[in-house]
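Same order as they appear, the protein sequences are chains A and B.
If you're matching positions, the first sequence starts at 3 in this note's numbering and goes up one per residue.
If you're matching positions, the second sequence starts at 3 in this note's numbering and goes up one per residue.
The beta carbon of each residue, even a glycine, is placed where N, CA and C say it ideally should be.
Here the structure is laid out as structure tokens; the discussion comes afterwards.
There are 2 protein chains.
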Amino acid sequence: MSKGKFYFSKSLEKGLSILALFNRETPVLTQSAIAKTLGLNMTSTYRYINTLVELGYLEKNGKTKEIRPSLLSIVLGTNLMRATDHLEMIREVVDRIHRENNISIDLAFVVNDALVRIYHCEAEETLTYRLPDVARNCLHNTALGKAYLASLSEEQLTEKLASMPLVARTAQTITDRERLHAELRLTRDRQFSMCVEELLPGLLAIGAALRDSVSGRGVGAVSFDFSVLQQSAPEIMTRYADMIRDTARTLSALLPPEQNTR
Amino acid sequence: MSKGKFYFSKSLEKGLSILALFNRETPVLTQSAIAKTLGLNMTSTYRYINTLVELGYLEKNGKTKEIRPSLLSIVLGTNLMRATDHLEMIREVVDRIHRENNISIDLAFVVNDALVRIYHCEAEETLTYRLPDVARNCLHNTALGKAYLASLSEEQLTEKLASMPLVARTAQTITDRERLHAELRLTRDRQFSMCVEELLPGLLAIGAALRDSVSGRGVGAVSFDFSVLQQSAPEIMTRYADMIRDTARTLSALLPPEQNTR
DNA sequence: TGACAATTTAACTATAATAGTAATCAGATG
DNA sequence: CATCTGATTACTATTATAGTTAAATTGTCA
């Protein structure tokens, strides 16, 4: 360092980036896979992995050398999640709705125009799509994203729409800015968003925005997801419009008030 | 470094130790509190906190300077937990039993003779005690610990008992090694443990060991916790003995097979 | 409002930690 | 058994960090 400005530990960054590689889709990794993914050389990778193993966050299979998160990671995980106690309550609310209605539910926040999935539960015995942890370029083609966009002020929305790439994921994806803008106005008025096979063929979703309890600013969204095999879009609207609005309202009240990160 | 042996990053250790400070009881900290707790000087503390803030794991209130885990921490937390998918299933099993019976349940693994709490849910409208995340010297005075001890071989048990400090937490705590050993034999035979106000006055618990699905080795325990105001010890035994044994069996089947950490 | 105390941030180097090369080792594969 | 791939260790030049000192910021109280 020694540069006046940068109080930043690269070692910590790299170590954390290793921990952050693991998730449900990737529960196990090898040292070389980690090195390749993060662009680190083998020695450094070895050092950080070894540190994490020594500390007990990862465990390494003595034979196969496979690396996976261990007990302490789970403890860290639960603690971090519970440190933000609201998540526990969010979970409860979502779980209850999920249980009582057997609906697939997604909950995400928006960070730098990316959808960061916070919680997801799947209905039993149905096909569902799992949004990745962090999804970019999905504000225009998901119920979550559209609900969020519709929560913005007309001014912010216009600006955002102008700069957003409208990636076409399916034939249904709205790629025309004017048409999207019109739909978002409708979304704002009725207070819920719909997504009809715009992200993935066969996937229907209804969503509503989560808002900061103090400022009222949109911070994320919640959605119920269905397969075309289950229900039609009109059915979903009549049946779930009230519920999604209520859910979003309840969850918004549980959110932590926004902090200014300095 | 440069010492042949030590492939270990202290920076990573320190940074993680900061993240690990946060939990439900401590959702917010100040820089000075962190520095004091970890024995770091203010500059280093500042650097690591700043790193974590820059990376998005922590957020700092611009005014009060309070530090708390942020969104990304929650994502990291959920990912780490889900990387070990079994936890999800453990959660579901425990939650179901909790819901259907309104029982307080604790689930812990044993690491270096400490109980590491993995999951806890509380019955509604009852008094309960929350075990700390990592509890030492509690093998002899908790249902969890006694269930675990009873899962050891006679040989291991004898050795362990000899070296274990039998800290007296209440008047009921068993501090006599012979008496404890006898009780553990009983525990092994009936396949569940009891703890009658030995950890805390008024706290009753019934527990059973969790075993590795391959080796059969005891790795932790699950317990149902009650208040003396609710039920008596004999009542608990007759009512919950079968249920705790079943629960332990079900959960054991969900556990990840043990890995040799090299 | 100003002075004091507590906390946070910044500048600055000696020192300790790390990156990266190269060499070695351990298993897997044919 | 030879060959290959991936993991581990040894070894330093380079760089990041610890920790001291000082400055800035904020809150408190008169």
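Query: Nearest-angstrom beta carbon gap, Leu-31 (chain B) and Leu-23 (chain B) [assumed within contact, 8 Å]; Result: 6 Å
Query: Contacts around Glu-126 (chain A), its chain only, beta-carbon distance under 7 Å, and the 5 residues preceding and following it disregarded; Result: Asn-104
Query: Beta-carbon neighbours of Glu-56 (chain B), restricted to chain A and to distances below 7 Å; Result: Phe-10
Query: Closer than 7 Å at the beta carbon, the chain A residues around Ser-75 (chain B); Result: Leu-82
Query: Asn-81 (chain B) versus Ser-153 (chain A): straight-line alpha-carbon distance, rounded; Result: 28 Å
Query: Endpoints, beta strand (DSSP E) assigned at Asp-108 (chain B); Result: 106 to 113
Query: Interface flag, Asp-214 (chain B) vs chain A, CB-CB below 8 Å; Result: no
Query: Proximal residues of chain B, C-beta to C-beta of Tyr-48 (chain A) below 8 Å; Result: Tyr-9
Query: Enclosing alpha helix (DSSP H) for Arg-192 (chain A) [first to last residue]; Result: 179 to 192
Query: Residues of its chain near Cys-197 (chain A), where Cβ-Cβ distance is below 6 Å and the 5 sequence neighbours each way are ignored; Result: Thr-144, Ala-145, Ala-207
Query: Residue span of the beta strand (DSSP E) that contains Met-196 (chain A), given as start and end; Result: 195 to 198
Query: Under 8 Å from the C-beta of Glu-15 (chain B): neighbouring residues of chain A; Result: Thr-53, Leu-57
Query: Residues of the stretch 94 to 125 of chain A with Cβ closer than 7 Å to any Cβ of chain B, in chain order; Result: Phe-111, Val-113, Val-118, Ile-120
Query: Beta-carbon proximity list for Gly-209 (chain A), same chain, < 6 Å, skipping 5 on both sides; Result: Ala-145, Leu-146, Ala-149, Ser-195, Ala-223, Ser-225
Query: Nonlocal neighbours in the same chain, by C-beta distance under 8 Å from Ile-246 (chain A), ignoring five residues either side; Result: Phe-194, Ile-208, Gly-209, Ala-210, Val-224, Ser-225, Phe-226
Query: DSSP state of Asn-103 (chain B) mapped onto helix, strand, coil; Result: helix
Query: Sufficient close CB pairs (3 or more, under 8 Å) joining the stretch 239 to 258 of chain A to the stretch 163 to 182 of chain A; Result: no
Query: Test: Asn-25 (chain A) CB closer than 8 Å to a CB of chain B; Result: yes
Query: Outcome for Ser-2 (chain B) when other beta-carbon atoms lying within 10 angstroms are tallied against a minimum of 16; Result: The structure shown does not extend to residue 2 (chain B), since chain B is modelled only from 3 through 264, so no value can be given for it.
Query: Ile-69 (chain A) - partner residues in DSSP beta bridges; Result: A:Leu-31, A:Lys-62
Query: Exposure of Pro-236 (chain B), with buried meaning 16 or more beta-carbon neighbours within 10 Å; Result: exposed
Query: Proximity of Ser-72 (chain B) and Leu-60 (chain B) at Cβ, strictly below 8 Å; Result: yes
Query: Simplified DSSP state of Arg-213 (chain A), which is helix, strand or coil; Result: strand
Query: Chain-order list of residues whose beta-carbon lies under 7 Å from that of Leu-186 (chain B) (same chain, five-residue window excluded); Result: Lys-148, Leu-151, Ala-152, Leu-159
Query: 6 Å CB neighbourhood of Leu-202 (chain B) in its chain, flanking five on each side removed; Result: Tyr-131
Query: Sequence-distant residues of the same chain with beta carbon closer than 6 Å to Leu-54 (chain A), five excluded per side; Result: Leu-60
Query: Check whether Asp-115 (chain B) and Leu-133 (chain B) have beta carbons under 8 Å apart; Result: no
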